[in-house]
Amino acid sequence: GDSVTQTEGPVTLSEGTSLTVNCSYETKQYPTLFWYVQYPGEGPQLLFKVPKANEKGSNRGFEATYNKEATSFHLQKASVQESDSAVYYCALGEGTYQRFGTGTKLQVVP
Amino acid sequence: GGIITQTPKFLIGQEGQKLTLKCQQNFNHDTMYWYRQDSGKGLRLIYYSITENDLQKGDLSEGYDASREKKSSFSLTVTSAQKNEMAVFLCASSPAANTGQLYFGEGSKLTVL
């Protein structure tokens, strides 16, 4: 069946360093890929989505490229801030619902 | 804009008890979802509803019932709470049952004593 695997957390980084959260997926279809972010006490919210292979999505300095050949959608940011501390979810959407990864908790320290 | 309201925010129950969580959305979205969030397991789909009076099972539907009484509301019932169970239940909606963005509520935290 379909699945999403992402970097296990927690991940702790110093402010100003770069971030990569790996996301790999398995499916026989042609999904839309999503990154969501969840701050404490809130529900997940969309960071960005990419509906087509080989395209890149970006928002708030985060970006990810839909790599169909490698079945990957890794999240990157060049320079993290303390306000980026949150849980990040990779999700695969096809048909009528979205399937989520296990989430990666990021803590950014000053 | 719109909002998703989940009630109650915190729910404490006893083993074997039947417990109901409610979700209201004012986006006028067709599709609504219930996900369960457990630490280390991410979000897992319990039930979803493509339109009013429709119900579809997700991967985790055993032990749960759901009801979509009207377009704006979607309820989830834990049919028999398990001792020491602790989880957050997230309600979400989307404009249509395709690959659109999900809009989530803040969650309902369940603790079973």
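Residue numbers (our numbering), protein chains in the order written: chain A, 6 to 115; chain B, 61 to 173.
Ideal Cβ placement from N, Cα and C applies to all residues, glycine included.
Please read these numbers as outputs of a predicted model, since none were measured by experiment.
Please go through the same chain and pick out, in chain order, the residues whose beta-carbon is closer than 6 Å to the beta-carbon of residue i, but skip the five residues on each side of it.
{"i": "G76 of chain B", "result": "S140"}
{"i": "S133 of chain B", "result": "Q84"}
{"i": "L170 of chain B", "result": "L71 and A147"}
{"i": "Y95 of chain B", "result": "L103, L105 and L150"}
{"i": "K131 of chain B", "result": "E112"}
{"i": "G21 of chain A", "result": "S84"}
{"i": "G62 of chain B", "result": "N86 and F87"}
{"i": "G160 of chain B", "result": "S154"}
Would you call residue i buried or exposed, if buried means 16 or more other Cβ atoms sit within 10 Å of its Cβ?
{"i": "A147 of chain B", "result": "buried"}
{"i": "K54 of chain A", "result": "buried"}
{"i": "L173 of chain B", "result": "exposed"}
{"i": "Q111 of chain B", "result": "Note that residue 111 of chain B is Thr in the sequence shown here, rather than Gln. It is exposed - the Cβ of T111 of chain B has fewer than 16 other Cβ atoms within 10 Å."}
{"i": "D114 of chain B", "result": "exposed"}
{"i": "Y35 of chain A", "result": "exposed"}
{"i": "R65 of chain A", "result": "exposed"}
{"i": "D7 of chain A", "result": "exposed"}
{"i": "A156 of chain B", "result": "exposed"}
{"i": "A58 of chain A", "result": "exposed"}
{"i": "G100 of chain B", "result": "exposed"}
{"i": "Q117 of chain A", "result": "Residue 117 of chain A falls outside the range modelled here, since chain A spans only 6 to 115, and no answer is possible."}
{"i": "Q66 of chain B", "result": "buried"}
What residues of chain C sit near residue i, judged by a beta carbon separation below 9 Å?
{"i": "G118 of chain B", "result": "Looking at the structure shown, chain C is missing, and the protein chains on hand are A and B."}
Give a yes or no on whether the C-beta atoms belonging to residue i and residue j are separated by under 7 Å.
{"i": "P49 of chain A", "j": "F149 of chain B", "result": "no"}
{"i": "A69 of chain A", "j": "S23 of chain A", "result": "no"}
{"i": "G102 of chain B", "j": "T25 of chain A", "result": "no"}
{"i": "F87 of chain B", "j": "S153 of chain B", "result": "yes"}
{"i": "L81 of chain B", "j": "L136 of chain B", "result": "yes"}
{"i": "Y44 of chain A", "j": "L51 of chain A", "result": "no"}
{"i": "T17 of chain A", "j": "Q112 of chain A", "result": "yes"}
{"i": "Q116 of chain B", "j": "Y108 of chain B", "result": "yes"}
{"i": "L105 of chain B", "j": "D119 of chain B", "result": "yes"}
{"i": "T109 of chain A", "j": "T12 of chain A", "result": "yes"}
{"i": "P56 of chain A", "j": "T32 of chain A", "result": "no"}
{"i": "E166 of chain B", "j": "E47 of chain A", "result": "yes"}
{"i": "F39 of chain A", "j": "A91 of chain A", "result": "no"}
{"i": "E87 of chain A", "j": "Y71 of chain A", "result": "no"}
{"i": "F105 of chain A", "j": "Y94 of chain A", "result": "yes"}
Who are the Cβ neighbours of residue i in its own chain at under 7 Å, not counting the five residues just before and after it?
{"i": "S4 of chain A", "result": "Here chain A covers residues 6 to 115 and nothing more, so residue 4 of chain A does not appear."}
{"i": "S19 of chain A", "result": "V114"}
{"i": "N144 of chain B", "result": "V172"}
Sorted by chain position, which residues of the same chain lie with C-beta nearer than 8 Å to residue i's C-beta, five sequence neighbours on each side aside?
{"i": "E99 of chain A", "result": "D7, T32, Q34, Y35, P36 and T37"}
Between the stretch 66–73 of chain B and the stretch 111–126 of chain B, can you find at least three pairs of beta-carbon atoms closer than 8 Å? By the C-beta criterion, the stretch 111–126 of chain B is judged not to be in contact with the stretch 66–73 of chain B, since fewer than 3 inter-stretch pairs fall below 8 Å.
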